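Going down the list, the sequences are from chains H and L. So the number in our numbering is just where the residue sits in the first sequence, counting from 1, plus 3. So the number in our numbering is just where the residue sits in the second sequence, counting from 1, plus 3.
2 protein chains.
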Amino acid sequence: MSDTRERILEAARNAFSEKGFDGVSVEEIAQRAGVRKALIYYYFPSKEILFEEIWNNALEELEKHIFREIENENYYVKKIKRFLKAYIDFVTSRKILSKVIERERPAVLNTSTEESETTWSRLKERYDVFVDKVAKLIEEGKQNQIVHPDVDSKAAAKLIAQVMSGSSATEAIQALILRGLMKES
Amino acid sequence: MSDTRERILEAARNAFSEKGFDGVSVEEIAQRAGVRKALIYYYFPSKEILFEEIWNNALEELEKHIFREIENENYYVKKIKRFLKAYIDFVTSRKILSKVIERERPAVLNTSTEESETTWSRLKERYDVFVDKVAKLIEEGKQNQIVHPDVDSKAAAKLIAQVMSGSSATEAIQALILRGLMKES
DNA sequence: TCCTTTACTGACTGGTCGGTCAAATTATGA
DNA sequence: TCATAATTTGACCGACCAGTCAGTAAAGGA
Numbered sequence: 004m005s006d007t008r009e010r011i012l013e014a015a016r017n018a019f020s021e022k023g024f025d026g027v028s029v030e031e032i033a034q035r036a037g038v039r040k041a042l043i044y045y046y047f048p049s050k051e052i053l054f055e056e057i058w059n060n061a062l063e064e065l066e067k068h069i070f071r072e073i074e075n076e077n078y079y080v081k082k083i084k085r086f087l088k089a090y091i092d093f094v095t096s097r098k099i100l101s102k103v104i105e106r107e108r109p110a111v112l113n114t115s116t117e118e119s120e121t122t123w124s125r126l127k128e129r130y131d132v133f134v135d136k137v138a139k140l141i142e143e144g145k146q147n148q149i150v151h152p153d154v155d156s157k158a159a160a161k162l163i164a165q166v167m168s169g170s171s172a173t174e175a176i177q178a179l180i181l182r183g184l185m186k187e188s
Numbered sequence: 004m005s006d007t008r009e010r011i012l013e014a015a016r017n018a019f020s021e022k023g024f025d026g027v028s029v030e031e032i033a034q035r036a037g038v039r040k041a042l043i044y045y046y047f048p049s050k051e052i053l054f055e056e057i058w059n060n061a062l063e064e065l066e067k068h069i070f071r072e073i074e075n076e077n078y079y080v081k082k083i084k085r086f087l088k089a090y091i092d093f094v095t096s097r098k099i100l101s102k103v104i105e106r107e108r109p110a111v112l113n114t115s116t117e118e119s120e121t122t123w124s125r126l127k128e129r130y131d132v133f134v135d136k137v138a139k140l141i142e143e144g145k146q147n148q149i150v151h152p153d154v155d156s157k158a159a160a161k162l163i164a165q166v167m168s169g170s171s172a173t174e175a176i177q178a179l180i181l182r183g184l185m186k187e188s
C-alpha cells in the first residue's frame with residue numbers, strides 16, 4: 004500500500020531512462036523522489052535489485068500491451084500487423100519504459116548467461132524470454148505461410164526488439180519491417 | 004610516434020566496449036594498458052576526450068569500410084546490396100568498435116543537440132553525420148527507382164545504424180532489411 | 001494507556017572516482 | 001658531455017559512491 008515505494012520506483016525509472024544504471028546515484032534517485040537516501044534501502048536491498056524490479060516491470064508491461072492486443076486474432080496476417088502496431092504504440096506512448104530498456108539493453112545482453120545468479124544474468128534471461136515470445140509469434144506466421152519462408156524468426160525477433168528508437172518515424176520503420184517480413188504486401 | 008598512446012587507446016576501446024563509459028574507471032584502463040593512471044592524463048586531457056577520440060575513430064573506420072566498397076559501383080541494386088553486405092562485414096569483423104558504438108549510442112543520442120559544445124553533443128553530431136550519409140544513399144536508391152517509394156530514407160538509415168547486434172544471424176537481418184527496402188526481390 | 005510494528009532519518013563508513021602535480025626517469029641532439 | 005625536452009611516476013586531493021545503523025517519529029491495535 005506504500006505510496007512512497009511507488010514514488011521511489013517512478014523517480015528511479017525516470018533517472019535510469021535518462022542516465023542509465025551507472026550514470027545515476029542512489030542519492031539522485033532519493034532527491035527526485037523527495038526522500039532521504041536511507042529510505043530507499045528500507046524498501047530495496049540494493050541499487051541493483053531496485054533496477055531489476057524496474058526492468059522486469061517494463062518488460063511485463065510491454066508484453067501485456069502487445070499480447071493483449073493480438074490474443075483474440077487468429078487470422079495471421081492481421082495478427083502480425085497488429086503485433087507490429089501494438090509494439091510501435093508502446094514505444095511511442097510509454098517512452099520512459101522504452102528508454103529504460105533501450106538504454107540498458109547493451110549492458111544486459113553483454114552479460115554472460117553462465118554467471119550464476121547475478122542480477123545482470125537474471126535481467127538477461129528475462130529479456131531473452133521476451134525475445135523468444137516474439138520469435139514464436141513470427142515462427143507461427145511462417146508455419147501459416149504468411150511470413151516469408153526465408154525469414155529467420157529468432158533474428159527477426161531480435162531486430163524488432165531492438166527498435167526502441169528514440170522518437171521519430173517509428174511507423175515508417177514498422178512498414179519497412181512488415182514488408183521485410185511478409186510474403187507479399 | 005608514441006606507441007604508448009596507441010596502447011592506451013586500445014585498452015580503452017576494449018574496456019569501453021565491455022562496460023560502457025560510466026562502467027569503466029580511468030584506473031582500469033591504465034591497468035589494462037600496463038601504464039600508470041597519471042600517464043593517461045599526459046596524453047588525454049580527460050576521460051571524456053579519450054572517449055571522444057575512440058568514438059570518432061570508430062565511426063570513421065565504419066564509414067571508410069562501407070563507402071570504399073561501394074564508391075565505384077553505379078548500378079544501384081548492386082550498390083545497396085553491397086552496402087548492406089559491407090555493413091554486416093564490419094559489424095562481424097570489427098566487433099570491438101561495433102560494441103563501443105552499440106553500447107554508448109543510447110547515451111549519445113539522449114543528448115540534446117542544444118547543449119553547446121559539450122563532449123556528448125559533439126559525439127551526437129558525429130553520429131548524425133553518419134546516419135545522414137546512409138540516408139542519402141537510400142534516398143538515391145529511391146530516386147533511381149530501386150528502393151521502394153514508400154520507404155522513409157531517414158528512418159531506414161536509423162534502423163540500419165541500430166543493427167550492431169551482438170553476434171548472431173546478422174546475415175538473416177541483412178536479408179530481411181533488404182527485402183523491406185527493395186521494390187522487388 | 002502502553003506496546004509493537006512500520007516508516008523514516010542523520011550521521012557515518014570504507015572505498016572509488018576523475019583529476020593534479022612535483023619530481024623522477026629516459027631520450028635527444030648540439 | 002651536458003643541457004633541454006619528452007615521458008613516466010607516486011603521492012595526493014576533494015568529491016562522491018553504495019551501503020549501514022542506531023535511533024527517532026508516527027500509526028495502530030489491545
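All residues carry an ideal CB built from backbone N, CA and C; glycine is no exception. Because the structure is a prediction, the values reported are computed rather than measured.
Within the segment 40-80 of chain H, complete beta strand (DSSP E) segments of at least 3 residues are not found at all. From the listed residues 22/L, 141/L, 6/L, 56/L, the smallest Cα separation to residue 79/L is found for 141/L.
Close CB contacts of residue 156/H within its chain, under the 6 angstroms cut and outside five residues either way in sequence, are with 138, 141, 142 (chain order). Within the segment 75-140 of chain L, the complete alpha helix (DSSP H) runs of at least 4 residues fall at 79-96, 98-112.
Comparing alpha-carbon positions, the option among 9/L, 48/L, 49/L, 58/L lying closest to residue 35/L turns out to be 9/L.
The C-beta of residue 154/H comes closer than 8 angstroms to at least one C-beta of chain L. Beta-bridge partners assigned by DSSP to residue 150/H: 185/H. Of the candidates 39/H, 148/H, 131/H, 17/H, the residue whose Cα lies closest to the Cα of residue 162/H is 131/H. In the displayed model, residue 29/H falls within a helix according to three-state DSSP. Three or more Cβ pairs drawn from the segment 81-98 of chain L and the segment 172-187 of chain L lie within less than 8 angstroms of each other, which places the two stretches in contact.
Counting other Cβ atoms within 10 Å of its Cβ, residue 48/H stays below 16 and is therefore classed as exposed. Taking 7 angstroms as the Cβ-Cβ cut-off, the segment 19-51 of chain H approaches chain L at 21, 23, 25, 26, given in chain order.
Assigned with DSSP and collapsed to three states, residue 19/H falls in helix.
Inter-segment contact for the segment 5-19 of chain H and the segment 98-112 of chain L is absent: fewer than three beta-carbon pairs are separated by less than 8 angstroms. Listed along the chain, the chain L residues whose CB falls inside 8 angstroms of the CB of residue 94/H amount to none; the nearest CB is some 13 angstroms away. Three or more beta-carbon pairs drawn from the segment 51-59 of chain L and the segment 117-125 of chain L are found closer than 8 angstroms, and the two stretches are therefore classed as touching. 8 angstroms or more divides the Cβ of residue 154/L from the Cβ of residue 181/L. Boundaries of the alpha helix (DSSP H) harbouring residue 156/H: 156-165, taken from the DSSP string. Residue 13/L and residue 5/L have their C-alpha atoms some 13 angstroms from each other. Between residue 129/H and chain L, the shortest Cβ-Cβ separation is not below 8 angstroms. Not a single C-beta of chain L is nearer than 8 angstroms to the C-beta of residue 111/H. At least 8 angstroms separates the beta-carbon of residue 57/L from that of residue 150/L. Taking a contact as a CB-CB distance under 8 angstroms, the pair residue 125/H and residue 31/H does not count as one, their CB atoms being some 24 angstroms apart. Around the beta carbon of residue 107/L, a 10 Å sphere encloses 16 or more other beta carbons of the protein chains shown; the residue is thus reported as buried.
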